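Residue numbers for the sequence shown follow this note's numbering, beginning at 25 and rising by one.
Let me begin by presenting the structure, written as structure tokens, before commenting on it.
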Amino acid sequence: MPNNIPLKNIIRKGDDNGDGWVIQLETDKGRAVYGIAVAQSSSGRTGPTWSYVFENDGFTVVDLGTPGSFDNFVDGYSQLPLNLNEIQRVIFTHGHSDHDGTAHEFSSLYKAEIWAHKTYSSLKKYKIWEIQDRESSVLQKELMRISSILISDSDKFSRWNQYSDYYANKGKTSVSKDLSNQEIFKDLQIIETPGHSPDQIVLLLDNFMFTGDHILPEITPHPTSNTIIQKKISNSLPCFLKDTSPWFGLGTYLNSLSTTMKLGNKYSILPAHRLHNKGEFNWIDQSRGLEIISHHEKRLNRIIHRLNSNSDSLEDLTRGIFEKSKLLGANIFAAMSEIVAHLEFLEECNDIKVSNSGKINVTGNGINYIKKLEQLRSV
25 MPNNIPLKNI IRKGDDNGDG WVIQLETDKG RAVYGIAVAQ SSSGRTGPTW
75 SYVFENDGFT VVDLGTPGSF DNFVDGYSQL PLNLNEIQRV IFTHGHSDHD
125 GTAHEFSSLY KAEIWAHKTY SSLKKYKIWE IQDRESSVLQ KELMRISSIL
175 ISDSDKFSRW NQYSDYYANK GKTSVSKDLS NQEIFKDLQI IETPGHSPDQ
225 IVLLLDNFMF TGDHILPEIT PHPTSNTIIQ KKISNSLPCF LKDTSPWFGL
275 GTYLNSLSTT MKLGNKYSIL PAHRLHNKGE FNWIDQSRGL EIISHHEKRL
325 NRIIHRLNSN SDSLEDLTRG IFEKSKLLGA NIFAAMSEIV AHLEFLEECN
375 DIKVSNSGKI NVTGNGINYI KKLEQLRSV
């Protein structure tokens with residue numbers, strides 16, 4: 025918990041899970057920042073998306089909310105001493121649907137500019153699960169092979185249909201400014217923190233850090249897996265995206281956590297989810313990054329332990345580590361993809377080797393990853 029709680033005033037109380045809360049915060053320089061908990065259109069484990077607004081050469085909004093939640097966004101902002109027409113710009117922390125899901129509705133009514141990391145503009149017209157060349161590695165092939173057996177066609181269609189309108193509208197979203205690492209706009213600084221998403225950024229304002237999904241209370245963001253972009257897509261991308269290693273993967277995410285921790289411990293973190301849950305506020309600072317690294321270390325430990333106990337397939341590892349309730353329907357794909365991200369990190373650390381048949385073996389004593397994590401923690 026930060027030494028100084030940034031909460032100044034509760035404008036409206038919401039539900040125990042955070043839905044509907046509207047609060048006023050204050051930076052160490054006396055700047056007002058408002059937080060609006062935009063309830064999702066359907067229930068989800070992450071709770072509402074927290075949207076923030078502050079004055080920085082005009083009103084700046086951070087994130088909008090999930091598809092179908094625009095009325096909740098408008099309702100929350102109606103509690104503030106500003107008009108939505110006064111907003112100068114909206115900045116997306118990253119391009120996931122619970123953050124930019126109502127961009128088309130917002131842009132059709134208001135003249136505010138849309139700002140996002142430079143990778144957002146390049147990738148916004150593609151469905152996130154179609155970018156990856158799934159033939160690029162043995163682990164990716166195994167992920168798709170097992171998924172094709174375990175996930176029904178109806179589940180696959182439901183997953184696609186749920187987001188089809190979102191991606192159609194996202195592709196049309198006009199981005200006025202592409203943001204880059206260390207860019208400063210008045211008092212606001214941009215820091216690249218990819219790994220959960222290639223376009224994930226955090227924003228620094230006075231002693232506040234707006235983290236999107238980079239650092240969250242209570243839950244750990246889902247890491248991307250290493251990504252080779254399909255050639256038909258890659259050929260049309262800018263040069264900085266030709267090499268995908270700086271933008272994707274668990275190793276990239278862990279490096280990003282180290283980056284934010286190196287900024288010092290002066291920042292109060294304003295996350296996109298779980299700021300309020302179970303009837304309480306969750307105030308955190310950058311030390312939460314250490315907890316997230318420890319979470320991944322425990323998962324890596326369990327994977328190595330199971331591999332040493334002759335559990336050598338992707339499906340066995342996934343079923344041995346995740347609860348059955350988290351493996352129902354299409355959820356097993358998300359669970360296996362997270363295990364793939366951890367296996368890829370172990371491969372990078374030379375702790376495992378994956379054969380062409382998909383068999384996974386521990387190499388040496390399997391502790392190189394521990395040394396790597398210690399390096400990341402020593403900030």
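Note that CB positions come from ideal geometry on N, CA and C, so glycine has one too.
As the structure is a computational prediction, the values presented were derived from the model and not from experiment.
Own chain residues within Cβ distance below 6 Å of residue i, not counting five before or after
i	result
V86	Y76, I115 and F234
K297	Here residue 297 is His; the residue named in the question, Lys, does not match the sequence. Only T70, G71 and L240 meet the Cβ criterion.
E166	L338 and G382
V46	I35, R36, I60, G100 and Q103
T244	I316 and H319
R312	I239
D157	I252 and Q254
G42	A61, G71, P72, H300 and N301
N33	Q48
Alpha-carbon to alpha-carbon, residue j and residue i
i	j	result
L399	I317	Note that residue 399 corresponds to Gln in the displayed sequence, not to Leu. Spanning the two alpha carbons is a distance of roughly 11 Å.
T117	D81	19 Å
A123	G388	Correcting the residue identity first, residue 123 is His in this sequence and not Ala. Those two C-alpha atoms are separated by around 43 Å.
N355	E368	20 Å
N374	R113	45 Å
K196	H128	8 Å
K286	N279	11 Å
K350	M360	11 Å
L49	N231	11 Å
T248	K151	14 Å
N289	D336	41 Å
E242	H300	10 Å
S172	P222	26 Å
N109	N385	58 Å
S15	K395	Examination of residue 15 is not possible in this model, given that the chain is present from 25 through 403 alone.
D52	S121	32 Å
G119	W74	15 Å
D202	V364	31 Å
F209	L229	10 Å
Q213	K135	23 Å
S146	N334	43 Å
A358	F346	11 Å
N107	G54	21 Å
L324	L397	11 Å
I111	D177	43 Å
Proximal residues to residue i (C-beta, below 7 Å), its chain only, five neighbours per side dropped
i	result
E371	V378
S200	E137, I138 and W139
Per-residue DSSP class, three states only, for residue i
i	result
G59	strand
L449	Missing from the structure shown is residue 449; the chain here goes from 25 to 403 and no further.
S75	strand
R36	strand
Q399	helix
I394	helix
I376	strand
I363	helix
Neighbourhood of residue i by C-beta distance below 8 Å, restricted to the same chain and skipping five residues each side
i	result
P270	P218 and T276
G125	L88, G89, T90, P91, G92, S93 and Y190
I391	D375
G303	D40
I175	G353, A354, I356 and F357
Y58	I35, V46, I47, Q48, L49, Y76, V77, F78 and L104
L227	V86, I115, T117, L212, Q213, I214, I215, M233 and F234
Q310	M233, I239, T284, M285, L287, G288, N289, Y291 and I293
Nearest-angstrom beta carbon gap, residue j and residue i [assumed within contact, 8 Å]
i	j	result
L88	F78	Wrong, their Cβ atoms sit about 15 Å apart, outside the cutoff.
K142	S198	K142 to S198, Cβ: 15 Å. No contact.
R330	L314	With 8 Å as the limit, R330 and L314 do not qualify as a contact, their Cβ atoms being about 25 Å apart.
L31	F305	7 Å
Residue-chain proximity (residue i, chain B), Cβ-Cβ < 7 Å
i	result
N33	Within the model displayed, chain B is absent; a lone protein chain is all it includes.
What are the start and end residues of each continuous beta strand (DSSP E) run of 3 or more residues lying completely inside the segment 276-357, in chain order?
If we require 3 residues or more, the beta strand (DSSP E) runs fully inside the segment 276-357 come out as 292-295.
Quick one: complete alpha helix (DSSP H) runs, 4+ long, within the segment 223-271?
255-258
Note down, one range per segment and in chain order, each alpha helix (DSSP H) of at least 4 residues found wholly within the segment 88-174.
94-101, 121-124, 127-133, 142-147, 152-155 and 162-174
Note down, one range per segment and in chain order, each beta strand (DSSP E) of at least 3 residues found wholly within the segment 194-224.
201-203 and 212-216
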